[in-house]
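Following: one structure in structure tokens, then a few remarks.
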Amino acid sequence: MRKNKFLLLIIVFQFCLAGITIAGEKINQSVDLGGSRQGTWYIPDNPPTGWMLLQHGFQRNKNNLDDLATFYMDNGLMVLTINSSVTRGNRSLARNVADDLIDNPLTPPNGIQLPDNLVIAGHSAGGLFMSYLGGRLMERNFDGLRGVILFDPVDANNGMNANLQAVINNGLPVLSILANSSSCNSSNNALQPLRALSDLYVGIKLTDNSKHTDVEGSSTGGILRFICGAPAQKNVSYLKDFSLNWAKDMMNDTYSSDYYFGGAKVEQLLGSGDGELIKEVTQPEPPIADFSFSTDELDVQFNNNSIDNDGSIDSYFWEFGDGQSSTQENPSHSYAAAGNYNVILTVTDNDGQSDSNSKLVTVNEAAVIPSASFTYSANNLSVNFTDTSSASNASIASREWSFGDGNGSSETNPVHVYSQAGSYNVTLTVTDSNGLTDSSDQEITVTAGDGGGSGLENGAVLNNLSASRNDELYYQMNVPAGAENLQFKINGGSGDADLYVRYGSTPTTSQYDYRPYRNGNNETVTVASPESGEWFLMIRAYQSFSGVTLSASYELGGNEVPTAGFSYAKGGLSVSFTDDSFDADGSIVSRLWSFGDGAESNEENPIYAYSIEGSYTVTLMVEDDQGATAVSSQVIEVSSDGGDTLELTNGDIISNLSAATGEELNFVLRDLPAETVELILAIQGGGGDADIYVRYGSAPTQSQYDYRPYRNGNNETVNIPSAQAGDWYVMIRAYRSFFGVTLSVSHTVN
474 MRKNKFLLLI
484 IVFQFCLAGI
494 TIAGEKINQS
504 VDLGGSRQGT
514 WYIPDNPPTG
524 WMLLQHGFQR
534 NKNNLDDLAT
544 FYMDNGLMVL
554 TINSSVTRGN
564 RSLARNVADD
574 LIDNPLTPPN
584 GIQLPDNLVI
594 AGHSAGGLFM
604 SYLGGRLMER
614 NFDGLRGVIL
624 FDPVDANNGM
634 NANLQAVINN
644 GLPVLSILAN
654 SSSCNSSNNA
664 LQPLRALSDL
674 YVGIKLTDNS
684 KHTDVEGSST
694 GGILRFICGA
704 PAQKNVSYLK
714 DFSLNWAKDM
724 MNDTYSSDYY
734 FGGAKVEQLL
744 GSGDGELIKE
754 VTQPEPPIAD
764 FSFSTDELDV
774 QFNNNSIDND
784 GSIDSYFWEF
794 GDGQSSTQEN
804 PSHSYAAAGN
814 YNVILTVTDN
824 DGQSDSNSKL
834 VTVNEAAVIP
844 SASFTYSANN
854 LSVNFTDTSS
864 ASNASIASRE
874 WSFGDGNGSS
884 ETNPVHVYSQ
894 AGSYNVTLTV
904 TDSNGLTDSS
914 DQEITVTAGD
924 GGGSGLENGA
934 VLNNLSASRN
944 DELYYQMNVP
954 AGAENLQFKI
964 NGGSGDADLY
974 VRYGSTPTTS
984 QYDYRPYRNG
994 NNETVTVASP
1004 ESGEWFLMIR
1014 AYQSFSGVTL
1024 SASYELGGNE
1034 VPTAGFSYAK
1044 GGLSVSFTDD
1054 SFDADGSIVS
1064 RLWSFGDGAE
1074 SNEENPIYAY
1084 SIEGSYTVTL
1094 MVEDDQGATA
1104 VSSQVIEVSS
1114 DGGDTLELTN
1124 GDIISNLSAA
1134 TGEELNFVLR
1144 DLPAETVELI
1154 LAIQGGGGDA
1164 DIYVRYGSAP
1174 TQSQYDYRPY
1184 RNGNNETVNI
1194 PSAQAGDWYV
1204 MIRAYRSFFG
1214 VTLSVSHTVN
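Sequential numbering of the sequence shown, starting at 474, is according to our numbering.
Take a look at the structure:
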């Protein structure tokens, strides 16, 4: 009775096994590979993308790999296992099998199409067998091989390395899984040949109770199991997981990063102490991308200057900033239109590491000479000149006026007062941003008028007046009703000028209302309550004079005209302006800055970044609380070569900063208060790579600084809690050329 129950249990168990679903079909078939031999096809349900030829080891047969082959089939791989004598790798048989794979392609059963992509894999001496087979396939230029996988292989006669290296030399992977050293695997004698391969990553070694028979899993048995030990399930799982994903990557030309150096699965294996790398891998250095360029109008020649300290550059990818690209090492490119283009070079080295560098490239159309021209309007001896010059593909960078009387100016629209009536040849020479010049000249005639003179506006200041002995300059001013404190003043220069003032008609040396009678050129006439109407001035050269300044002003309704003035500090193309204007009897309520390039600002102390080097006439017009205005102008020169250290104040935001590689922009935040609880200095935006350096008390350098964020790109922030009171210096250095960067500064006081 007990025997019948036992038989019944066996029947039930076999019935359960029959009910287990396998994702595919196993078919035994005689195959012709180096002669007729028994094989087993493992065919998955869905069409495979590749197939594997899986070879058993010494004194084993194909059935010992059934567990692994079935696992592969269940996961979509087609596998063929064959019975072969692989003692010491059997080089002759391996080469014959390779020839048959090429010359007599196999035909799987049931009319199934044999995939093109082949992975060969072998265990123990079968690993050496597959090394010989792979070498022969490369010798025959077989293009269907996609890679080699070895399971605890055993080498003999130094046959492994050269054949596997031939596979690698054809761009194919060779990956292995080793077990602990034992007599069953000739004490890991394949370790050195595998480490000598040129690839950095050649696989893993299982180290926690791993056995030579791990590859056989549940299919192991016989004397080898007794001698070599039983597989541990943990190691079998590692072996199946890694080899399956390697095989899929080989067949599908994919890359499952978890199973390669630095990947999550590899790091988990190493971190748990369950394994180690067959070959110690040194993290490769990335390349350093760099390039130079030369422009010829719209054409640019790019030259690669990239380096790779531990290898070689394998590929180049240029993005020219206009939607076009190139993979050449030193390309040339023609732009369709003039402009600024952000060019990016990305290089990749032989280790797959990449780096990028960007630079701003400016191209111009064929240079066209600018066209110089001007207009003028004369008011007796005073002439207003207006520059109407143009440059078709550039901008006017500088101007030189010659007024025909020995005087000149570099202002855009100067006002010049001649010392005497007559005809003068006026020449304007302009230079554009390409360095090209043009000149225009006109003959103008000025007169002293009918005893009158040049009209003066309230607050007028005329500079650089000159006249020869006994010559006279004439001016007149209309003074409105209610005006107070009318003042005419001459000062400065050399020689001896005399001032004559008269109400209602032109003064003479004998007819005048006011004459200071002073030696030299410093004379002032003040009329506390002037009559309304025309006031006339004469400046007579008692001795020849030059460089004299005339100013004329009055107060309206008790309001004194404000005084306009400003100072500035340069930092490259950026300029910090400070309004120094004042109003003696009130306050300045509005300002209008004109920066000379078309841009304006209403800020009190603006910071402005010019886009092009050159000379600019900056004008500040101020208005006081009673509507009176005053104007001050200065010519400034800006250059990208640098300049003064630009002073910062709390809340400053400086936009559009740019610099070429290696150039530096310098700033200082002075007198930080002792109560400061937090100081924040930040750069952001734009393109390229800018680095910020911060130092207390003195200017930072590349080697001497207190703070430096060390970040790629332009987004860097320095946050200093409880910052020390005093001066903080900032340097923005172009690690690579940058543009469009914004600097902001703020501090919080307790």
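For each residue, glycine too, the CB sits at the ideal point set by N, CA and C.
- One alpha carbon belongs to residue 624, the other to residue 516, and they sit about 22 Å apart.
- Look at residue 690 here: in three-state DSSP terms it is helix.
- Taking the Cα of residue 952 as reference, the smallest distance to any Cα among 1000, 936 and 962 is reached at 1000.
- The beta-carbon distance between residue 744 and residue 679, rounded to whole angstroms, is 14 Å. This is too long to meet the 8 Å contact definition.
- In the three-state DSSP reduction, residue 725 falls in the helix class (H, G or I).
- According to the DSSP assignment, residue 640 belongs to the alpha helix (DSSP H) that extends over 633-642.
- CA-to-CA, the gap between residue 509 and residue 690 works out to about 28 Å.
- Distance check between residue 654 and each of 613, 969, 681 and 888 places 681 closest, using alpha-carbon atoms only.
- Contact between residue 940 and residue 1017 holds, since their C-beta atoms are separated by about 7 Å, short of 8 Å.
- The distance from the Cβ of residue 1096 to that of residue 1062 is about 6 Å, consistent with a contact at the 8 Å cut-off.
- Taken in chain order, the whole alpha helix (DSSP H) runs of length 4 or more contained in the stretch 1068-1155 number zero.
- Taking 9 Å as the cut-off, the Cβ atoms of residue 960 and residue 928 do not count as close.
- Residue 876 and residue 938 have their alpha carbons spaced roughly 13 Å apart.
- With a 10 Å radius around the Cβ and a threshold of 16 neighbouring Cβ atoms, residue 1180 comes out buried.
- Per DSSP, residue 506 lies in no alpha helix (DSSP H) segment and is marked neither H nor E.
- Sequence-distant partners of residue 1015 (beyond 5 residues in either direction) whose C-beta falls short of 6 Å from its own C-beta, in its chain, are 969 and 971.
- The C-beta distance from residue 862 to residue 844 rounds to 6 Å, short enough to fall under 8 Å.
- Beta bridge pairing from DSSP links residue 549 with no other residue.
- DSSP places residue 842 outside both helix and strand once states are collapsed to three, so it counts as coil.
- In the DSSP annotation of this structure, the continuous segment of the beta strand (DSSP E) that includes residue 960 starts and ends at 956-964.
- Distance check between residue 1051 and each of 1077, 790 and 661 places 1077 closest, using alpha-carbon atoms only.
- Take the alpha-carbon of residue 639 and the one of residue 499: they are about 33 Å apart.
- Residue 684 sits in coil when the DSSP states are folded into three classes, being neither helix nor strand.
- In this structure, DSSP gives residue 916 an extended state, which the three-state scheme calls strand.
- Its chain contains no residue whose beta carbon lies nearer than 6 Å to that of residue 710 once the 5 sequence neighbours on both sides are disregarded.
- Taking residue 813 as reference, the option from 1221, 1211 and 1215 with the minimal CA-CA separation is 1211.
- DSSP, read as helix, strand or coil, puts residue 540 in helix.
- The count of Cβ pairs closer than 8 Å, one atom from the stretch 712-720 and one from the stretch 606-617, stays below three, leaving the stretches out of contact.
- Secondary-structure assignment with DSSP links residue 535 through no beta bridge to anything.
- The bridge partners DSSP lists for residue 1018 are 940.
- The straight-line gap separating the alpha-carbon atoms of residue 1156 and residue 1047 is approximately 15 Å.
- Linking residue 736 to residue 730 through their CA atoms gives a straight-line distance of about 5 Å.
- Ranked by Cα distance from residue 1013, the first of 990, 1025, 1027 and 1002 is 990.
- Straight across, the Cα-Cα distance linking residue 1094 with residue 962 is about 22 Å.
- Sorting 807, 591, 817 and 754 by C-alpha distance to the C-alpha of residue 838 places 807 at the top.
- If you ignore the 5 residues before and after residue 619, its C-beta comes within less than 7 Å of the C-beta of 523, 590, 591, 592, 645, 723 and 724, all in its own chain and listed in chain order.
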